[in-house]
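Trainee:
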Amino acid sequence: MDDCPISTLDCDALSRRFGFDLPRPLVKLFELLQHPDGTIDGSEGSLFHRVTGLILMDASDACRRVPPEFFVIGRTGMDGVLCGYVIHDAKLIGDMPLALFDPAASRADYLALDTRRSLGVLMGMQYAQYVHDPAQRDVVKEIIGSMHFDPDELPVEPPLDVRPRIPPGWRLAMTADGLGVVAESRFFAPGQEYDEEIEAFEWHDLDTTLENAAHALRSGYAASALWHLRNAYAFLDADGDALPLIEPFTTAYHAMNRSYSIDHLQRWYPAVH
9 MDDCPISTLD CDALSRRFGF DLPRPLVKLF ELLQHPDGTI DGSEGSLFHR VTGLILMDAS
69 DACRRVPPEF FVIGRTGMDG VLCGYVIHDA KLIGDMPLAL FDPAASRADY LALDTRRSLG
129 VLMGMQYAQY VHDPAQRDVV KEIIGSMHFD PDELPVEPPL DVRPRIPPGW RLAMTADGLG
189 VVAESRFFAP GQEYDEEIEA FEWHDLDTTL ENAAHALRSG YAASALWHLR NAYAFLDADG
249 DALPLIEPFT TAYHAMNRSY SIDHLQRWYP AVH
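One point on numbering: in the working numbering, the residue at position 245 of the sequence shown is 253, and numbering is uninterrupted.
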């Protein structure tokens, strides 16, 4: 639950709390911030908040407005912006990237290529804010050093146009929400658009989206089906009209064995399953 402290760094407990196995760099940061009793306070004003700019959240705080591939770990406290891991496929789980997601705009931006660099961006932005507060700056600087960063070399604002690493034989098809669909090439239809200009996406209509997704699924191109659905979801969910997308979403995820995203959908739309 939002603002609830972490009581243990047991890997299984952390996995249950956040909904996936945490990459080692985030666990290391938690270890650095542990209280003597072993807990970690992630509330507003806590050391975690002062170092990262985030207020801790977990899987129970996920909402329908985020893409099913987005796994929340915290919020910035500003305009509802969320921070979380982007898990496209279980095969890619490892040192995953973090992204910031603005539910009001249905738009996300990757922070870096992996967890450690993503945390470096968050800590660099916080470090820059304390330029006139030496005491706070020293606290953040110590944690930054313990994470093996030079604080003066960290970015002071989120980078632009970061894209996740793509393994050989995989592709990224950008989507209107900024996260894209990442999948093995065989799951994309011939002629699939891979446009990286997010602003180029336009909303058409729900019936067309469902028809395009159904055709892609019948043809064995689950990633292309997901691309149509995710683009629609970015435009529709703000109005609560996403329910017709959930069944084909689930079909596409099943075709690619994406249990993490299916679990998200089942939590948000239990009546559809």
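All C-beta atoms in this analysis are idealised placements derived from N, C-alpha and C, irrespective of residue type, glycine included.
Could you have a look at E189 and say whether DSSP puts it in helix, strand or coil?
Mentor: By one-based count along the sequence shown, residue 189 stands at place 181. Looking at the sequence shown, residue 189 is not Glu but Val. In the structure shown, V189 sits in a strand (DSSP, three-state: E or B).
Trainee: If I measure Cβ to Cβ from T16 and keep anything under 7 Å in the same chain, skipping five residues before and after, which residues do I get?
Mentor: Here residue 16 refers to the residue found at position 8 of the sequence shown. The answer, listed in chain order, is G46.
Trainee: Identify whether W276 lies in helix, strand or coil by the three-state DSSP scheme.
Mentor: Position 268 of the sequence shown, counting from 1, holds the residue named residue 276. It is helical.
Trainee: At 4 residues or longer, and completely inside the region 88-139: list those alpha helix (DSSP H) runs for me, N to C.
Mentor: Listed in chain order, they are 123-137.
Trainee: Name the residue from F243, D203, A184, S267 whose alpha carbon lies nearest to the alpha carbon of L214.
Mentor: Here residue 214 corresponds to residue number 206 of the sequence shown, with the count starting at 1. Minimum Cα distance to L214 is reached at F243.
Trainee: The beta strand (DSSP E) that contains A181, what's its start and end?
Mentor: Counting from one through the sequence shown, the residue named residue 181 turns up at place 173. Element bounds for A181: 178-181.
Trainee: Check whether the region 254-266 and the region 217-236 touch, using three or more Cβ-Cβ pairs below 8 Å as the test.
Mentor: yes
Trainee: Please determine, among Q274, S154, E52, L64, the residue with the shortest C-alpha to C-alpha distance to G128.
Mentor: The residue you call residue 128 lines up with position 120 of the sequence shown. Among Q274, S154, E52, L64, the Cα nearest to that of G128 is on S154.
Trainee: How about A120 and F78: are their beta carbons less than 9 Å apart?
Mentor: As a position in the sequence shown, residue 120 is number 112, starting the count at 1. As a position in the sequence shown, residue 78 is number 70, starting the count at 1. No.
Trainee: Contact between the region 25-35 and the region 143-151 is defined here as three or more beta-carbon pairs at a separation below 8 Å; is this criterion met?
Mentor: no
Trainee: Is Y241 near F195, with beta carbons less than 9 Å apart?
Mentor: By 1-based counting over the sequence shown, the position of residue 241 is 233. By 1-based counting over the sequence shown, the position of residue 195 is 187. No, Cβ-Cβ distance for Y241 and F195 is not below 9 Å.
Trainee: Put R73 into one of helix, strand or coil per three-state DSSP.
Mentor: If you number the sequence shown from 1, residue 73 lands on position 65. It is coil, neither helix nor strand.
Trainee: For the region 209-227 and the region 98-106, state whether three or more C-beta atom pairs, one from each stretch, are separated by less than 8 Å.
Mentor: no
Trainee: Leaving out five residues on either side along the sequence, give the residues of the same chain with a beta carbon under 6 Å from the beta carbon of T4.
Mentor: Because the chain spans 9 through 281 in this model, residue 4 falls outside it and cannot be assessed.
Trainee: Ignoring anything shorter than 4 residues or poking outside the region 20-45, list the alpha helix (DSSP H) runs there in chain order.
Mentor: 32-40
Trainee: On the three-state DSSP scale, how would you describe F56?
Mentor: What you label residue 56 is simply residue 48 of the sequence shown in a count that begins at 1. If DSSP states are grouped into helix, strand and coil, F56 belongs with the helices.
Trainee: For L64, does the three-state DSSP call read helix, strand or coil?
Mentor: Translated into positions along the sequence shown, residue 64 becomes position 56. Note: L64 maps to strand in three-state DSSP.
Trainee: Who are the near neighbours of N220 in its chain, counting only those whose CB is closer than 7 Å to its CB and skipping five residues on each side?
Mentor: Against the sequence shown, residue 220 aligns to sequence position 212. Here the set comprises H236.
Trainee: Give me whichever residues DSSP pairs with V80 in a beta bridge.
Mentor: Translated into the one-based positions of the sequence shown, residue 80 becomes position 72. Per DSSP, G92.
Trainee: Indicate the three-state DSSP secondary structure (helix, strand or coil) for I48 in the structure shown.
Mentor: As a working mapping, residue 48 is identified with position 40 in the sequence shown. Here I48 sits in strand by DSSP.
Trainee: With distances taken from CA atoms, which of R179, E165, C91 is nearest R171?
Mentor: As a first step, residue 171 must be located in the sequence shown, where it is residue number 163. When each option's Cα is compared against that of R171, the closest is R179.
Trainee: Compute the distance between the beta-carbons of V94 and A116, then report whether it is under 9 Å.
Mentor: Here residue 94 corresponds to residue number 86 of the sequence shown, with the count starting at 1. Here residue 116 corresponds to residue number 108 of the sequence shown, with the count starting at 1. Going by beta carbons, V94 and A116 fall inside the 9 Å limit.
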